[in-house]
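Visitor:
Protein chains: 2
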Amino acid sequence: MQRMGATPVRRRLSKDARRAELLRAGERVFSERPFEEVSIDDIATAAGISKNLLYHYFTGKRELFLEVIRDSSRQMLDWTAPDLELEPMERLRASLRAHLDYAEEHATGYSKLMRAAGTDEEVLAIVDGARHEVVQRTLDTLPFPGGVAPPEVVLALHGWVGMVDNLTIEWLDDSHGLDKDGVCDLLVSLFVAVLTSAAGVPAPR
Amino acid sequence: MQRMGATPVRRRLSKDARRAELLRAGERVFSERPFEEVSIDDIATAAGISKNLLYHYFTGKRELFLEVIRDSSRQMLDWTAPDLELEPMERLRASLRAHLDYAEEHATGYSKLMRAAGTDEEVLAIVDGARHEVVQRTLDTLPFPGGVAPPEVVLALHGWVGMVDNLTIEWLDDSHGLDKDGVCDLLVSLFVAVLTSAAGVPAPR
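Chains as they are written, first to last, in this note's numbering: chain A, 1 to 205; chain B, 206 to 410.
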């Protein structure tokens with residue numbers, strides 16, 4: 001809770017807006033240098049608020065870091081959520097396009113935070129949770145005989161998430177002469193190839 | 206250099222053998238708990254040597270950690286190196302089989318260390334270096350018109366490395382009823398599908 005009469009702040013923001021702003025500042029600072037080299041002061045400065053006010057929102061650097069990762073995962077999941085109003089192939093393309101848009105807009109953060117797993121159980125749990133959610137919601141949009149996806153498809157979709165991430169990281173680092181439309185086309189055809197190969201069923205159209 | 210008359214050690218080992226043993230102890234300890242919770246004493250104890258002797262080999266915990274990651278990457282690259290004596294499809298299968306063998310044998314370490322990228326530049330550089338090496342040596346075994354791989358293939362192979370890693374991590378965690386042969390078959394057909402889709406050329410046979 002924010003106390004009455006707390007230190008005056010640069011701008012008056014609602015609690016949610018302030019929290020979101022702190023997460024964005026955290027994303028910026030954490031993607032610029034290693035966790036150990038970041039101080040709470042750095043993040044407060046980047047957000048233009050006092051350290052005391054920051055502590056109203058987060059108990060410390062680690063909690064803020066985990067929230068940044070959670071928030072980035074959540075944002076990516078939201079941006080790329082399949083739009084069930086669209087036809088399957090359009091839905092696929094829209095989702096992959098949104099993924100590339102997000103990655104491009106958060107280039108440094110994407111490459112680093114999406115790989116911020118390390119040997120840290122809590123970070124791994126967030127990253128794994130997001131991966132499972134992508135796999136599950138993709139399975140939900142696919143029709144299978146008897147309603148059950150073959151194990152090959154489930155495993156292939158886990159692989160698919162890693163494929164999209166690594167391909168995107170490489171493309172952000174070196175486009176190899178492909179623009180966003182070209183990468184989007186490539187991802188669409190790779191998804192169809194992967195799914196068809198794993199399921200032995202005709203590709204969605 | 207190991208000094209004459211140093212503290213007696215449990216067993217007399219050559220410098221290389223001792224170093225390798227320390228890396229294995231490090232891999233075990235680092236895959237069991239987060240970096241911050243590991244002390245040099247833990248690793249010395251796990252290796253059955255004195256802390257002083259450990260400092261003959263590594264300047265500290267971080268250097269040992271980076272060497273463990275380098276060593277694991279190097280081992281995986283060695284295990285899975287394409288055997289050019291084999292026919293293309295057999296070569297592919299042998300390499301993927303070796304990958305699954307390695308991953309199974311180092312189950313905890315594989316899942317964690319292979320994702321130990323985080324926001325740590327030095328770890329990222331090792332992991333990226335290994336990824337680029339896998340992509341390059343795969344490209345070297347493929348014939349392309351004019352000797353130049355299309356950009357779609359290069360990007361797809363970067364994606365492929367992420368696919369293999371994520372699919373393997375999921376399989377180690379939950380087999381989904383597939384044994385190693387089943388996963389190997391799946392990976393072989395996924396590779397062919399990915400390559401064919403990206404290159405628009407017939408699959409290797």
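For every residue, glycine included, the Cβ atom is placed at its ideal position computed from N, Cα and C. None of the values given here were measured: they were computed from a predicted structure.
What does a CB cutoff of less than 7 angstroms around MET1/A pick up in its chain, not counting 5 residues either side in sequence?
Guide: Confidence at MET1/A is low in this model, with a pLDDT of 43, below 50, so its placement is unreliable and the value that follows should be read with caution. Answer for MET1/A: no residue qualifies.
Visitor: How big is the Cα-Cα spacing for GLY177/A and PRO356/B?
Guide: Computed Cα separation, rounded: 7 angstroms.
Visitor: Give the residues of chain A in contact with THR401/B, contact being defined as C-beta atoms less than 8 angstroms apart.
Guide: Chain A residues near THR401/B: ALA193.
Visitor: Among ASP379/B, ILE374/B, VAL397/B, LEU271/B, which residue has its Cα nearest to the Cα of VAL358/B?
Guide: Nearest of ASP379/B, ILE374/B, VAL397/B, LEU271/B to VAL358/B, Cα basis: VAL397/B.
Visitor: Mind checking ASP140/A: buried by the 16 CB within 10 Å criterion, or exposed?
Guide: Exposed, since its Cβ has fewer than 16 Cβ neighbours within 10 Å.
Visitor: Quick one: which residues of the stretch 50-81 of chain A get their C-beta closer than 7 angstroms to a C-beta of chain B? List them in chain order.
Guide: Answer set for the stretch 50-81 of chain A: empty.
Visitor: State yes or no: is the beta carbon of SER95/A nearer than 8 angstroms to at least one beta carbon in chain B?
Guide: No, SER95/A lies away from the interface with chain B (no Cβ there is under 8 angstroms from its Cβ).
Visitor: Taking 8 angstroms as the CB-CB limit, is VAL352/B close to chain A?
Guide: For the sequence presented, residue 352/B should be read as Gly rather than Val. Closer than 8 angstroms: no.
Visitor: Who are the Cβ neighbours of ILE331/B in its own chain at under 8 angstroms, not counting the five residues just before and after it?
Guide: Correct list, in chain order: LEU271, ILE274, ARG275, SER278.
Visitor: With a threshold of 7 angstroms on Cβ separation, who are the neighbours of ALA44/A within its own chain once the five nearest residues in sequence on each side are excluded?
Guide: Same-chain partners within the cutoff: SER50, LYS51, LEU54.
Visitor: Label ASP78/A either buried or exposed according to how many other C-beta atoms from any shown protein chain fall within 10 Å of its C-beta, with 16 as the threshold for buried.
Guide: The residue in question, ASP78/A, is exposed, as its Cβ has fewer than 16 Cβ neighbours within 10 Å.
Visitor: How would you call ARG18/A, buried or exposed, if buried means at least 16 neighbouring beta carbons within 10 angstroms?
Guide: Buried, by the Cβ-count rule.
Visitor: In this structure, does DSSP put THR401/B in helix, strand or coil?
Guide: Of the three classes helix, strand and coil, the one that applies to THR401/B here is helix, per DSSP.
Visitor: Taking the continuous alpha helix (DSSP H) assigned at ALA374/B, which residues delimit it?
Guide: The sequence given here places Ile at residue 374/B; Ala does not occur at that position. Note, ILE374/B: alpha helix (DSSP H), 356-378.
Visitor: Could you tell me the distance, in whole angstroms, from the CA atom of ALA354/B to the CA atom of VAL339/B?
Guide: If you take the alpha carbons of ALA354/B and VAL339/B, they lie about 15 angstroms apart.
Visitor: Can you round the beta-carbon distance between VAL366/B and ARG342/B to whole angstroms, since I take them to be within the 8 angstroms contact cut?
Guide: Actually they are not in contact, since the Cβ atoms of VAL366/B and ARG342/B sit about 11 angstroms apart, beyond 8 angstroms.
Visitor: Can you tell me whether ARG410/B is buried or exposed, with buried defined as 16 or more other CB within 10 angstroms of its CB?
Guide: Note that ARG410/B has pLDDT 41, beneath the 50 cutoff, so the model's placement of it is unreliable and the number below is only indicative. By the 10 Å Cβ count, ARG410/B comes out exposed.
Visitor: Along the stretch 143-167 of chain A, what residues have a CB closer than 8 angstroms to any CB found in chain B?
Guide: If the cut-off is 8 angstroms between Cβ atoms, the stretch 143-167 of chain A has PRO151, GLU152, VAL154, LEU155, ALA156, HIS158, GLY159, TRP160, VAL161, GLY162, MET163, VAL164, ASP165, ASN166, LEU167 near chain B.
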